[in-house]
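A.B. asks: Start counting at 1 in the sequence shown, then tack on 38, and there's your number in my numbering. Note that beta-carbon positions come from the ideal geometry of N, C-alpha and C, so glycine has one too.
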Amino acid sequence: MVLLAVGLTQTSSPLVVEVDGQRFRVRTHAETIGGALRQAGFDLHPEDLITPALDTPLQGDAVVQVRRALPVILRADSQIRQHRTQATTVGEFLTQVGVAIGPADEVWLDDRLVSQSTPLGDGVRSPGSPSQRGGGGSVMGSASSDPHMIVLRRA
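1) Taking the straight line between their C-alpha atoms, what separation do you get for residue 190 and residue 76?
2) Nearest-angstrom Cα distance between residue 137 and residue 108?
3) For residue 66 and residue 122, I'd like the C-alpha separation in whole angstroms.
4) What span of residues does the beta strand (DSSP E) with residue 105 cover, start to end?
5) State the start and end residues of the unbroken alpha helix (DSSP H) segment that holds residue 133.
6) Hey, out of 82, 52 and 120, whose CA is closest to residue 98's CA?
7) To which residues does DSSP link residue 192 through a beta bridge?
8) Where residue 87 and residue 125 are concerned, what is the direct C-alpha to C-alpha distance, given to the nearest angstrom?
9) Taking the runs of the beta strand (DSSP E) that are 3 residues or longer, which of them lie wholly in the segment 62-116?
10) Return the CA-CA distance between residue 169 and residue 62, expressed in angstroms with no decimal places.
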């Protein structure tokens, strides 16, 4: 049994996954980047940016970069919707989701009156904390940062 475990470890491919600047080393038998990330237990969302692409064949000592999308709750026009975004400012986010702002409208971010040029988030993405998964190595679960709340108050 020990020989089988040693053999499986030696035949797996090494992979470095960098999530918002935090590095994780994993080993995998997957054939693609996406398969390796799923096998390692990474919780990904469609809005996350992954380089190289998920369908890229796994080769040698691959390095994968993941930039997680920020969770945002938007309350506007009598609706509350949850989003994930790569936007860097409040205005960029509102444009991205198709919300127009009038000249007298107020935009609030986490209980603060802000302008459209206000950075979304604190400039540092929160990668969450590593979790242990059955096979051993440190891997990344879902982002632990609380969603930002954007409230649009129409004039």
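C.D. replies: In this structure, then:
1) 37 Å
2) 18 Å
3) 28 Å
4) 100-105
5) 128-134
6) 52
7) Residue 192 is not bridged to any residue.
8) 12 Å
9) 87-89, 100-105 and 108-114
10) The predicted model places residue 169 with a pLDDT of 36, which falls under 50 and marks its position as unreliable; any figure quoted below should be read in that light. Distance between the alpha carbons of residue 169 and residue 62 is about 11 Å.
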